[in-house]
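Asker:
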Amino acid sequence: MRHIDIHTHILPSLDDGPTAVADALELARQFVRNDTDRIFATPHGFSTVYHADPEVSQAALTRFSKEVRRAGIDLTVRLGMEIHYHPRVVQTILEGRALCLGSADTQRRYALIELPARDWPTELPEVIYELALREIQTIIAHPERNLAALAREQLIDEALAEGAWLQLTAGSLTGQFGSACERLSRRWLDAGKVHVIASDAHDPRVRQAGLARAFARLDEWGLSSAGEQCRRNAETIWRMTT
Ligand SMILES: [Fe+2]
């Protein structure tokens, strides 16, 4: 089974991903060993700490793709951004300062939006709606790690009702973020609330590449069909952004 990973921090020296090219290449090899041959590089944008400028990211992608080819690694990398939520998120996307997966020239665009770790923006349903009007699909990055969502699941249901997709982190399924996070992930997957599983890989050692273990966990839970749906959604994202 081949996987596509829509959320990774593989490009060197842009954010809290790898600093050294050698580590980024090791991450690339790790993806391939985990049956992943297509990924989006999604450096942090608009966070209080990191902001990957689109032009700088594009140049970094071009450089890194050459390194990947030179090293003989069978991995295709496309550019996106993990857009940290901010009040002008819609505007910055429309202006091209916040990058989506896909562009205005592709069939569809997907905005990978990270919410603050502790709060839940009250205007989120409106943002999802505003983006949908422009045929941009909102994907909420790792909501299972958001403390507000843990306390009030209704927030998630409101976002889903507005049409958002949820992306879980692979490590959440295997206990990397604690048992509460693992239980919640399992429950949401069982309830059909999850659309994509991604590694959110940052480095080859602690926050690693690969989805194989998460999908094995889904099989253990008897939730293989939920996993299959997530895999198909990732395929759709790749196809629609070609
Ligand atoms: Fe991330």
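To convert, count from 1 in the sequence shown and add 1014; that's my numbering.
Glycine is no exception: its CB is placed at the ideal position from the N, C-alpha and C atoms.
This one's a predicted model, so the numbers in the text were calculated from it and none came from an experiment.
1) Hey, how far is the Cα of Ala-1074 from the Cα of Asp-1030?
2) What span of residues does the beta strand (DSSP E) with Ile-1127 cover, start to end?
3) Which whole-angstrom value describes the C-beta separation of Gln-1190 and Gln-1044, a residue pair presumed to lie in contact below a C-beta threshold of 8 Å?
4) So, is Met-1056 buried or exposed, given that buried needs 16 or more other C-beta atoms within 10 angstroms?
5) Taking the straight line between their C-alpha atoms, what separation do you get for Gly-1185 and Lys-1207?
6) Could you compute how far the alpha carbon of Trp-1179 sits from the alpha carbon of Gln-1151?
7) Less than 9 Å separating the beta-carbons of Arg-1245 and Ile-1018?
8) For Arg-1227, I'd like the list of residues in its chain whose CB is within less than 6 Å of its CB, leaving aside the five on either flank, ordered along the chain.
9) Looking only at its chain, what residues have a beta carbon closer than 7 Å to the beta carbon of Val-1046, apart from the 5 residues adjacent to it on each side?
10) With DSSP as the reference, label Trp-1134 as helix, strand or coil.
11) When you compare the CB positions of Arg-1092 and Asp-1049, do they come within less than 9 Å of one another, or not?
12) Note down, in chain order, each residue of its chain lying with its Cβ closer than 8 Å to the Cβ of Ala-1133, except the 5 sequence neighbours on either side.
13) Taking its Cβ as the centre, do 16 or more other Cβ atoms sit within 10 Å of Thr-1022, making it buried, or is it exposed?
14) Where does Gly-1059 fall in DSSP's three states?
15) Could you give the distance in angstroms between the alpha-carbon of His-1128 and the alpha-carbon of Gly-1192?
16) Tell me, which residues are paired with Glu-1172 by DSSP?
17) Could you check if Glu-1158 belongs to the surroundings of ligand 1, using beta carbon to heavy atom distance under 8 Å?
18) Would the region 1249-1256 and the region 1212-1222 be scored as touching if the rule is three or more Cβ pairs under 8 Å?
19) Thinking Arg-1201 and Thr-1183 are a contact (beta carbons under 8 Å), I'd like their distance in whole angstroms, please.
Answerer: Quick look at the numbers:
1) 15 Å
2) 1123-1128
3) Rounded, the Cβ-Cβ distance is 15 Å, inconsistent with contact.
4) Here the sequence assigns Thr to residue 1056, which means Met is not the residue at that position. So Thr-1056 counts as buried.
5) 18 Å
6) 8 Å
7) yes
8) Thr-1188
9) Ile-1087, Asp-1088, Leu-1089
10) coil
11) no
12) The identity of residue 1133 in the sequence shown is Asp, whereas the question assumes Ala. Cβ neighbours of Asp-1133 beyond the five flanking positions: Ala-1162.
13) buried
14) strand
15) The amino acid occupying residue 1128 in the given sequence is Glu; His does not appear at that position. Distance between the alpha carbons of Glu-1128 and Gly-1192: 20 Å.
16) Glu-1172 pairs with nothing; no bridge assigned.
17) no
18) no
19) Not a contact, Cβ separation roughly 15 Å.
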